[in-house]
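Comments concern the structure below.
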Amino acid sequence: MSDIILSLERATKLYSGVPAIEDVDFELRRGEIHALVGENGAGKSTLTKVMAGVVTLTTGAMKIDGAASAPGTPLEARQIGVAMVFQENSLVPTMTVAQNLFLGQERFYNRLRGINIAAQQFLQSLNFDVPPTAIVSGLGAAKKQMVEIARAVLHNAKVIIFDEPTAALTPEERKYFFDLVRDLKKRGVSIIFISHALEEALILADRITVLRDGKKIVTDDATRFDRARIVQAMVGRDLSNTLYGVKRTTVRPAGERVLTIQNLKMAPMVKNNSLSVFAGQITGIFGLVGAGRTETFKIVAGVMKRDFFHGGDIILRDKAVRYRVPAPAVKAGVAYVTEDRKVEGFFETTSIARNVYLGLLAKFPGKRALLSRREQSASGADWIKRLNVRAIGNEAKVIELSGGNQQKVVIAKSLIQEPDIIIFDEPTRGVDVGAIVEIHELINRLADEGKAVVVISSYLPEILGLSDRILVSRQGKVVEEFSALDATEEKIMYAAIH
Amino acid sequence: MFGGLRDFALSFLGRGEATLTVPSFDGALKPNQALESAETLLECDAPEDLATDGGKVYLADGASLGRLDGNGMTTIREFDRPITALASLPGGGIAVTLNGREVRVYSDAADATPSATFQGAGMHSINALAPAGDHALYATDGSATRNADEWAWDLMERGRSGRALRLDIKTGGITELAGNLRYAFGACGADGFALISESWRHRLIAVAPNGASKIVLSHLPVYPSRVSPARSGGWWLTAFIARTQLVEFVLREPAYRKRMMAEIDPEYWIVPRLSSGKSFKEPMQGAHLKTMGVVKPWAPPRSYGLVIRLDASFKPMFSLHSRVDGFNHGIVSAVESGDWLYMIAKGPRRVLRLPIEGLAKEFAA
Chain A
17 MSDIILSLER ATKLYSGVPA IEDVDFELRR GEIHALVGEN GAGKSTLTKV MAGVVTLTTG
77 AMKIDGAASA PGTPLEARQI GVAMVFQENS LVPTMTVAQN LFLGQERFYN RLRGINIAAQ
137 QFLQSLNFDV PPTAIVSGLG AAKKQMVEIA RAVLHNAKVI IFDEPTAALT PEERKYFFDL
197 VRDLKKRGVS IIFISHALEE ALILADRITV LRDGKKIVTD DATRFDRARI VQAMVGRDLS
257 NTLYGVKRTT VRPAGERVLT IQNLKMAPMV KNNSLSVFAG QITGIFGLVG AGRTETFKIV
317 AGVMKRDFFH GGDIILRDKA VRYRVPAPAV KAGVAYVTED RKVEGFFETT SIARNVYLGL
377 LAKFPGKRAL LSRREQSASG ADWIKRLNVR AIGNEAKVIE LSGGNQQKVV IAKSLIQEPD
437 IIIFDEPTRG VDVGAIVEIH ELINRLADEG KAVVVISSYL PEILGLSDRI LVSRQGKVVE
497 EFSALDATEE KIMYAAIH
Chain B
-5 MFGGLRDFAL SFLGRGEATL TVPSFDGALK PNQALESAET LLECDAPEDL ATDGGKVYLA
55 DGASLGRLDG NGMTTIREFD RPITALASLP GGGIAVTLNG REVRVYSDAA DATPSATFQG
115 AGMHSINALA PAGDHALYAT DGSATRNADE WAWDLMERGR SGRALRLDIK TGGITELAGN
175 LRYAFGACGA DGFALISESW RHRLIAVAPN GASKIVLSHL PVYPSRVSPA RSGGWWLTAF
235 IARTQLVEFV LREPAYRKRM MAEIDPEYWI VPRLSSGKSF KEPMQGAHLK TMGVVKPWAP
295 PRSYGLVIRL DASFKPMFSL HSRVDGFNHG IVSAVESGDW LYMIAKGPRR VLRLPIEGLA
355 KEFAA
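Listed in order, the protein sequences are those of chains A and B. Every letter in the first sequence is one number past the one before it in the working numbering, and letter 145, counting from 1, is 161. Every letter in the second sequence is one number past the one before it in the working numbering, and letter 143, counting from 1, is 137.
This is the structure we're talking about:
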């Protein structure tokens, strides 16, 4: 039996004559974990969609176990042993775990108890601690991921493809996921996974393939890579000095105190939280998941509400404010760029221009009876240019964009409101390194222009690289403040967990 | 009636005027232990105020007026009553306030008789003096009902009888620049304005000669006190205590305050103090907090030490602290002379000094 379970030879896929992947040779070994990395738009998703039968090759060949194969649908791919776990999981949220596992394999007469027992046995065999009778919508991200994996294994998948599997997971869930993947590997399943977190590729993968502009740049053992080599292969230039690499030697001086949060409470997440934000500075907020950072700033932006009784004060430029909905906050110059762009950030089936224009309209609720197509088109084109959004045109739908470009649209939607306080919540989550550099440059530019910028991030190098002052949040309140000049990863992490 | 209903609703919901919140110590007010590392120049009986002409530094210690030299104080003269405020005047003169009620101006610190004396005009607790041009003084009168050392009573009574005064040395006239202040405690001339600390409102105001005032710094997490000019521009603002939610709560409970003041020894009231940790009977020492499953001793600070450096536009640049576990608390005066910043920590009754060079670099936010 050949060591190669899946291969692609000179694989090319054209969309309207434009190559998404071009002459890509790829080999997946039996029982290996293979990481696929590259900037957004590098062709990773297209390559894996070819394997999973979502799209078909324009030219080139695919082989499974040495035999030519060209799955035309995901069902055909599943029948030949290739399953894909998508970033947005494909489970039916209103069904139970067991029903989801056996979806598509129903018989004429289905006994619910039998399905539950079979699912229980199967999940136990995989050592997955998920109750088969639980409704999927009530599960956490990691458990949903487990159900997806279980479904793939149940269908006797020999190859499982994960698209950004850890983007929605907490650090604890991520560790658990790594254990699952290693367990699958022991069972002889071959894994391909796409990730923007390069450390994950380095830790988890046996081999790494780097794609750039639809072409394969390099495939090598993971042990022969380090972060700098991957980044250089991904972007074609050395970004180590611009991306997190440089230790800050100067910080911007604090300007006017524009936002003061005093003893803010929102049970159970925000507990007596107090902090200030100054103009002309980037205030970084670090904390582990559940530290109440997002909730605190969602309250500031009117997305969430503080406690009804003794909920604390939010003082915006010497004036106490209490926003019950986001519109008055937007009008007062507060912009919140969400961490969950797919759910809260944009309307994915509408155009870039429309999304950006909606941001502008949000500043004038009820004040504009007539919409201007010309203004919409002009503002869309303007922001595409200003933020270097890579798209066919301003009428391109947001769903068609890569993660980094989608994030730029979300940012444009907020910046068009000309805010004074901009809150970025995990601004580079699920964004490729090239776009990360651009987003970081934008954030720095905003602070240089005198805006008060807040960056909430769980990624320490990002916090250290961007912030002028760093506030560490733990258990619902800020517990420590560092200047970027004397902050280290160790000090910050110590404050976050002790 | 609607006002009453509104107040009840706000009090019930803990909103508006009735919020029990205090600003945080962050940014330029980020805590450090700078005051704990300051050199202790002198331990005194009752240090109250400092003044400088840029070279010599004068100290009011109880009823004694002295001059700081290398390692101690040289007594210049003794008064029959304690000094509550001190100012050095252009041309070598000095002004003192005795027992908060009488201001005396001496053309020279060693002169036997004063060149001008101010009494009456309702002066009750003059606690700060500052030159206002060549022939005048700014003064703050903390309370019309309480003596200078009874500030805690004034806080608990929610006093609002403080005044900012201008004393004309030539004519002997006293002009009230501002009234109804909630404990005025600190004055300094600033480009024709009088810079006044209003302690119980946690703010600095600039009062024009015609009495018009504007807030120049507010929302402080502390009770500000005396203010003095910094040589390179801007000011040194002292704060004798930090605000806490517990005290804010007590201040909103008139019945509780009334009973506390009637029945409890003032030493053990729930009020800020200039020093703490002397007795187990002190409030705010017995609380605890459960963190990560471990019960830890915890209490809001009863005393604190803080000096804030303000720039020329009254924006805090950095601050010097003595935290709850420190000793140099109750900072009531700070003046800059030569390369040093001299301070009075009234809690431990000390005169401290810190080299100014490097402070901005080390403690800037």
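Every residue gets a Cβ at the ideal spot worked out from N, C-alpha and C, and that includes glycine.
**OP:** Compare the C-alpha of residue 134 of chain B against each of B/100, B/153, B/191 and name the closest.
**Re:** B/191
**OP:** Spatial neighbours of residue 454 of chain A within its chain, please: CB distance less than 8 Å, with the 5 preceding and 5 following residues excluded, ordered by chain position.
**Re:** 403, 404, 420, 424
Original post:
Closest Cβ-Cβ distance between residue 17 of chain B and chain A: below 8 Å?
Top reply: yes
**OP:** State yes or no: is the C-beta of residue 291 of chain A within less than 8 Å of the C-beta of residue 315 of chain A?
**Re:** no
Original post:
Grouping DSSP H, G and I as helix and E and B as strand, with all else coil, what is residue 49 of chain A?
Top reply: Strand.
**OP:** Could you tell me which chain A residues have their CB closer than 9 Å to the CB of residue 239 of chain B, listed as they occur along the chain?
**Re:** 279, 288
**OP:** State the Cα-Cα distance for the pair residue 517 of chain A and residue 13 of chain B, rounded to the nearest angstrom.
**Re:** Outside the modelled stretch of chain A, which goes from 17 to 514, sits residue 517 of chain A, for which no answer is possible.
**OP:** Say whether chain A places a C-beta atom closer than 8 Å to the C-beta of residue 13 of chain B.
**Re:** For residue 13 of chain B, the answer is yes, since a Cβ of chain A falls inside 8 Å of its Cβ.
**OP:** Take residue 142 of chain B and list the residues in its own chain whose beta-carbon comes closer than 7 Å to its own, dropping the five residues that flank it on each side.
**Re:** Its chain contains 78, 94, 119, 121, 136 as the residues whose beta carbon lies nearer than 7 Å to that of residue 142 of chain B, once the 5 sequence neighbours on both sides are disregarded; these appear in chain order.
Original post:
For the 8 Å Cβ check, are there 3 or more pairs between the segment 484 to 497 of chain A and the segment 293 to 311 of chain A?
Top reply: Yes: the two stretches touch, three or more of their Cβ pairs being nearer than 8 Å.
Subject >> Near-chain A residues of the segment 18 to 29 of chain B (beta-carbon distance less than 7 Å), N- to C-terminal order >> reply: 18, 20, 21, 22, 24
**OP:** For the segment 148 to 222 of chain B, list the alpha helix (DSSP H) runs that are entirely contained and at least 4 residues long, ordered along the chain.
**Re:** With a minimum length of 4 residues, no continuous alpha helix (DSSP H) run stays inside the segment 148 to 222 of chain B.
Original post:
Going along chain B in order, which residues have a C-beta closer than 7 Å to the C-beta of residue 331 of chain A?
Top reply: 213
Subject >> Whole-angstrom C-beta distance between residue 220 of chain B and residue 232 of chain B, which should lie under 8 Å >> reply: 5 Å
**OP:** Express the C-alpha separation of residue 241 of chain B and residue 261 of chain B in angstroms, rounding to a whole number.
**Re:** 15 Å
**OP:** Consider the Cβ of residue 291 of chain A: report whether some Cβ of chain B lies at a distance smaller than 8 Å.
**Re:** Yes, contact with chain B.
Original post:
So residue 227 of chain A packs on residue 243 of chain A, CB below 8 Å; how close in whole Å?
Top reply: Their Cβ separation, rounded to whole angstroms, is 17 Å, which puts residue 227 of chain A and residue 243 of chain A out of contact at 8 Å.
Subject >> Three or more C-beta pairs below 8 Å linking the segment 119 to 136 of chain A and the segment 76 to 90 of chain A >> reply: no
Original post:
Would you say the segment 51 to 60 of chain B touches the segment 80 to 91 of chain B, given that touching needs at least three Cβ pairs under 8 Å?
Top reply: yes
Original post:
Between residue 142 of chain A and residue 169 of chain A, is the Cβ-Cβ spacing less than 8 Å?
Top reply: yes
**OP:** Have a look at residue 111 of chain B and residue 336 of chain B and give me their C-alpha separation to the nearest angstrom.
**Re:** 28 Å
Original post:
Measuring CB to CB, does residue 317 of chain B end up less than 8 Å from residue 25 of chain B?
Top reply: One thing to note: residue 317 of chain B has its Cβ within 8 Å of the Cβ of residue 25 of chain B.
Original post:
Excluding five sequence neighbours on each side, which residues of the same chain lie with their C-beta closer than 6 Å to the C-beta of residue 65 of chain A?
Top reply: 71
**OP:** Look at residue 309 of chain A and residue 501 of chain A and say whether their C-beta atoms are less than 8 Å apart.
**Re:** no
**OP:** Return the CA-CA distance between residue 197 of chain A and residue 471 of chain A, expressed in angstroms with no decimal places.
**Re:** 32 Å
Subject >> Interface positions of the segment 326 to 357 of chain A facing chain E (Cβ-Cβ less than 8 Å), listed along the chain >> reply: The structure shown contains no chain E; the protein chains it does contain are A and B.
Original post:
Considering only C-alpha positions, which residue in the set B/41, B/92, B/109 is nearest to residue 99 of chain B?
Top reply: Among B/41, B/92, B/109, the Cα nearest to that of residue 99 of chain B belongs to B/109.
Original post:
Grouping DSSP H, G and I as helix and E and B as strand, with all else coil, what is residue 250 of chain B?
Top reply: helix
**OP:** Would you decide whether residue 429 of chain A is buried or exposed? Buried here means 16 or more other CB atoms lie within 10 Å of its CB.
**Re:** buried
Original post:
How would you list, in chain order, the residues of chain A whose beta-carbon sits under 9 Å from the beta-carbon of residue 7 of chain B?
Top reply: 324, 325, 326, 327
Subject >> Same chain only: Cβ atoms within 7 Å of residue 216 of chain A, ignoring 5 sequence neighbours per side >> reply: Same-chain partners within the cutoff: 182.
**OP:** Compare the C-alpha of residue 16 of chain A against each of A/38, A/367, A/246 and name the closest.
**Re:** Because chain A is modelled from 17 through 514, residue 16 of chain A falls outside the range shown and cannot be assessed.
Original post:
Where does the unbroken beta strand (DSSP E) through residue 301 of chain B begin, and where does it stop?
Top reply: For residue 301 of chain B, the enclosing beta strand (DSSP E) has its first and last residue at 299 to 304.
**OP:** Specify, as a first and last residue, the run of the alpha helix (DSSP H) that residue 396 of chain A falls within.
**Re:** 389 to 402
Subject >> Close beta carbons around residue 144 of chain A, own chain, < 7 Å, minus the five adjacent residues each side >> reply: 162, 166
Original post:
Would you say residue 294 of chain A faces chain B, with C-beta separation under 8 Å as the test?
Top reply: yes
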